[in-house]
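In the UniProt record's numbering, the protein residues as written are 1 to 241. Where a beta carbon is used, it is the ideal one built from N, C-alpha and C, also for glycine. Note that the coordinates shown come from a computational prediction; the quantities given were computed from them, not determined experimentally. Only one structure is covered here, and it is reproduced in the block below.
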């Protein structure tokens, strides 16, 4: 059992984790983070402390998805930040899990509220480590991943804490990568013609995707789709009064 303290000096306990996945030998990693200095520091930690031999880094989710689509060996683990230039919050985890269902995902983020972590676990991550965590917790987290276990704060694993809607997480997970991109554009206020231009596809194709998105999310209008998507964004998880 490892006890660390967050920025408010409140104790956090990492529970004995639960074996849910196949053990994996962690020889390579893909870091997805747009802060070069943190990427360098994390790479040194993964290499020197965890023993990972090959480490790549990219600064956007799209770059990570492109890397995972390439021919050749995939990384043994993906280390993901939540706030990237092209995606924020749960969206990135959902899209990454779709692209790589068998690869362990470890989120390393400064967003360490229990509601956030619980939502991430529901979206399919294998581990969570706060960016301010001690080196020992990084070691423990990746050792747990290698054993096929989940690494997260004890309270995040227990039922009863407020979290994002399970239904919202599950339905967003039904979207294809292209549909997830289109939903992002819809949330940004773009019309079908503008989305078609951005993605270099026909406007009728966009319209068909939007219809499919609304069907998968169980909504009837674009506005309802936007509101549904916002439910799964961590900007809506500000501390409650």
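Between the alpha carbons of residue 142 and residue 23 lies a distance of about 11 Å. Taking C-beta atoms under 8 Å as the contact rule, residue 61 and residue 95 qualify, at a distance of about 7 Å.
Residue 72 is bridged by DSSP to nothing; it lacks a bridge partner. Three or more beta-carbon pairs separated by less than 8 Å link the stretch 109 to 117 to the stretch 129 to 141, which places the two stretches in contact. Of the residues assessed, residue 123 falls on the buried side of the cut-off, its CB having 16 or more other CB atoms within 10 angstroms. Cα atoms of residue 47 and residue 29: separation of roughly 10 Å, rounded to the nearest angstrom.
Counted as a single uninterrupted DSSP element, the beta strand (DSSP E) harbouring residue 130 occupies residues 127 to 130.
Only residues of its own chain outside the window of five on either side were considered, and among them 32, 58 have a CB closer than 6 Å to the CB of residue 64, listed in chain order.
In this structure residue 156 is in contact with residue 117, their Cβ atoms being roughly 4 Å apart against a cut-off of 8 Å. In the DSSP assignment, residue 120 falls within the alpha helix (DSSP H) that extends over 114 to 123. Minimum Cα-Cα distance from residue 105 among the listed residues 76, 37, 208 corresponds to 76. A distance below 9 Å separates the beta carbons of residue 138 and residue 45. In the assembly as shown, residue 101 is an exposed residue. Its beta-carbon has fewer than 16 other beta-carbons within 10 Å. Fully enclosed beta strand (DSSP E) runs of no fewer than 3 residues are not present anywhere in the UniProt domain "HTH luxR-type" (168 to 233).
As DSSP reads the structure, residue 151 sits in a beta bridge with 127. Per DSSP, reduced to three states, the secondary structure at residue 110 is coil, with no helix or strand assignment.
In the three-state scheme derived from DSSP, where H, G and I count as helix and E and B as strand, residue 103 is classed as coil.
DSSP places residue 64 in the helix class (H, G or I) of the three-state scheme. Apart from the 5 residues on each side of it in sequence, residue 78 sits with its Cβ closer than 6 Å to the Cβ of 30, 103, 105 in its chain, given in chain order. Every unbroken stretch of the beta strand (DSSP E) spanning 3 or more residues and falling wholly within the stretch 33 to 58 is given here in chain order: 54 to 58. Between the alpha carbons of residue 177 and residue 99 lies a distance of about 8 Å. The three-state reading of DSSP puts residue 134 in coil, since its state is none of H, G, I, E or B.
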